[in-house]
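A.B. asks: Quick note on our numbering: the sequence shown kicks off at 6 and runs consecutively.
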Amino acid sequence: MASPGLAPQGIDQPDMRRAGADRLSLALMDSRNHTLQLLARYEEAMAGGLRIPLEPRIELPHWIAGHIAWFAEYWIGRNPRRGQGVRCPADAPRLGSMEPMADRWYHPLLSAHDARWDMPLPDFGEVRAYLMDTLERTLEQLEHATPDDDGLYFFRAALFHEDLRGEQLVQGAQSLGLSLPFAAPPAAVQREPLALPASRWRLGAEPGGFVFDVEQWAHDVDVPEFEIDAQPVNWGQFVEFVDDGGYDREELWHPQGWGWLEQLAQSEGRRGPRHVDQIGVASGAVLQTLFGRATRMSSQQPVMHVSWWEADAWARWSGRRLPTEVEWEIAAHRAAGRGFRWGDVREWTAGTLRPWPGFTPHAWTRHTEFEAEPLFGRARVLRGASFATRARLKTAKARGFALPERDDGFTGFRTCAL
């Protein structure tokens, strides 16, 4: 299976948010090819006996694949008002689907997560056919789209939605122990923290091109001077926290985080990040299961599969703090030439997810993992990208989020001086 980053030149770059029809066409084919490759891995594993458990954080791979095809058909192929772009309402009239049961199977409002295990969903072969048929129809309609941001909006949304779902399939493979040809994040020589001066920063996205709703809109923020780690916290640093009883010292944890940890200690006996089988206190090395393989993580590789609670506890233990998202963004832009490293793991920041001035929810995110509004005030902000993120999604302006207890993602963190 080709790994992300081996796409034809020019279509796996962050400027795809402003791409025209020609590049979008190639990128949509590339993303669909990646989906099909991942789907084939799951099909082979399930034919060999892999079972997908009914758990809140796990999704059926053939449902994700069918949903990807449905998404493009629902918002592009069946949507006569697609040319309105982001202003197109969620309840706009739709044409009929090429698959009569598509809405019942793949519309998030009509197929609740837990009900999907009991649905007579199409088999892998039928899903592949649906993926290919909807891609052909999408590409045909792209040829007739107006070349402005409204006309191309849903084609860009379909591309990035599929890329995000692809990362979800990779994340699911990690949770299930399914073998995929991805390497662990590379080791990095530890650098001294970076000092950045006080500044006034334009946080958020400016109009133009494709913008996720949670990134709306740019606004000025005054930021005092700060010191930030040059790279995410590594295993060698995290092991010191474990060795010092970090998982047993209630004073280091946020009260809700301590409650989360106690529950896991009772149910799983956890005293380390998810998927960790062994921690070498003397060597700083860690044995962590990666896509079903016990993998030795060196002391200089970034810690991975930590919740926000764990990141916050480590920061308290070290006498530091998690960065705000604006601090992270400033460093990613202004300190890149001074050794600021990002893109190996998604990174927790201090901030609770809040709407920015001018936020308007986008209709296509409703009742999906990408809907921000129900999580305002609860989720924590993630910045950066992981090794499983397509390069066209890797921009220092990208804004992600997750509930603080989530540790199934490829997540790490860095810290700032108090």
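Beta carbons are placed, not taken as given, at the ideal position from N, Cα and C, and that holds for glycine.
Does the pairing of the segment 377 to 385 with the segment 271 to 285 give three or more beta-carbon distances under 8 Å?
C.D. replies: Short answer: they don't touch.
A.B. asks: I need the DSSP call for VAL91, collapsed to helix, strand or coil.
C.D. replies: Note: VAL91 maps to helix in three-state DSSP.
A.B. asks: Return the CA-CA distance between LEU11 and HIS338, expressed in angstroms with no decimal places.
C.D. replies: Below a pLDDT of 50, predicted positions are generally treated as unreliable, and LEU11, at 49, falls in that range; the measurement from the model is reported next regardless. C-alpha separation (whole angstroms): 25 Å.
A.B. asks: Going by CA-CA distance only, name the one from ARG161, MET124 and ASP234 that's closest to ARG326.
C.D. replies: Minimum Cα distance to ARG326 is reached at ASP234.
A.B. asks: Just to confirm my understanding: we take SER184, look at its own chain, exclude 5 residues before and 5 after, and list those with CB closer than 6 Å. What are they?
C.D. replies: Around SER184: PHE296 and GLY297.
A.B. asks: Suppose the cutoff is 6 Å on Cβ atoms and the five residues either side in sequence are ignored; what does the same chain contact list for TRP206 look like?
C.D. replies: Around TRP206: VAL226, VAL228, VAL331 and ILE335.
A.B. asks: Just the C-alpha distance for LEU65 and ALA200, rounded to the nearest angstrom, thanks.
C.D. replies: Computed Cα separation, rounded: 45 Å.
A.B. asks: By the 10 Å Cβ neighbour count, where 16 or more other Cβ atoms means buried, how is ALA107 classified, buried or exposed?
C.D. replies: Its Cβ being crowded by 16 or more others within 10 Å, ALA107 is buried.
A.B. asks: Which residues bound the alpha helix (DSSP H) around LEU181?
C.D. replies: From DSSP, the alpha helix (DSSP H) with LEU181 extends over 154 to 181.
A.B. asks: Within 10 angstroms of its Cβ, does TRP122 collect 16 or more other Cβ (buried), or is it exposed?
C.D. replies: Under this definition TRP122 is an exposed residue.
A.B. asks: Counting only the same chain and skipping the five closest in sequence on each side, list residues whose C-beta sits under 6 Å from that of ALA192.
C.D. replies: Only SER303, GLN305 and GLN306 meet the Cβ criterion.
A.B. asks: What residue from GLU315, HIS118 and LEU29 has the CA that sits closest to ALA150's CA?
C.D. replies: Ranking the options by Cα distance to ALA150, first place goes to LEU29.
A.B. asks: Look at the alpha carbon of ALA117 and the alpha carbon of ASP413, and state the distance between them as a whole number of angstroms.
C.D. replies: For ALA117 and ASP413, the distance between alpha carbons rounds to 21 Å.
A.B. asks: In this structure, how does DSSP classify ASN239 when only helix, strand and coil are distinguished?
C.D. replies: Strand.
A.B. asks: DSSP three-state label for ASP119, please.
C.D. replies: Helix, per DSSP.
A.B. asks: Under the assumption that PHE418 contacts PRO237 (Cβ atoms under 8 Å), give the Cβ distance between them as a whole number of angstroms.
C.D. replies: That pair is a contact at about 6 Å.
A.B. asks: Report the residue from VAL244, GLY262 and PRO113 whose alpha carbon sits nearest the alpha carbon of GLN293.
C.D. replies: That would be VAL244, whose Cα lies nearest to the Cα of GLN293.
A.B. asks: Could you tell me the distance, in whole angstroms, from the CA atom of SER391 to the CA atom of GLY348?
C.D. replies: Taking the straight line joining both Cα atoms gives about 5 Å.
A.B. asks: Would you kindly work out how many angstroms separate the C-alpha atoms of MET124 and ARG161, rounded to a whole number?
C.D. replies: Roughly 30 Å separates the two Cα atoms.
A.B. asks: Determine, using beta carbons only, whether VAL350 and VAL308 come nearer to each other than 9 Å.
C.D. replies: In contact: VAL350 and VAL308 (Cβ atoms closer than 9 Å).
A.B. asks: Going along the chain, which residues of its own chain have a beta-carbon closer than 6 Å to the beta-carbon of ARG321, five neighbours each way excluded?
C.D. replies: Excluding positions up to five away in sequence, the list reads LEU257.
A.B. asks: Sorted by chain position, which residues of the same chain lie with C-beta nearer than 8 Å to ARG46's C-beta, five sequence neighbours on each side aside?
C.D. replies: Cβ within range, chain order: MET6, ALA178, LEU183, SER184 and LEU185.
A.B. asks: Could you check where the alpha helix (DSSP H) with THR40 kicks off and where it finishes?
C.D. replies: 26 to 52 is the extent of the alpha helix (DSSP H) around THR40.
A.B. asks: Please say whether THR357 and VAL386 have beta carbons closer to each other than 9 Å?
C.D. replies: Yes, they are a contact pair.
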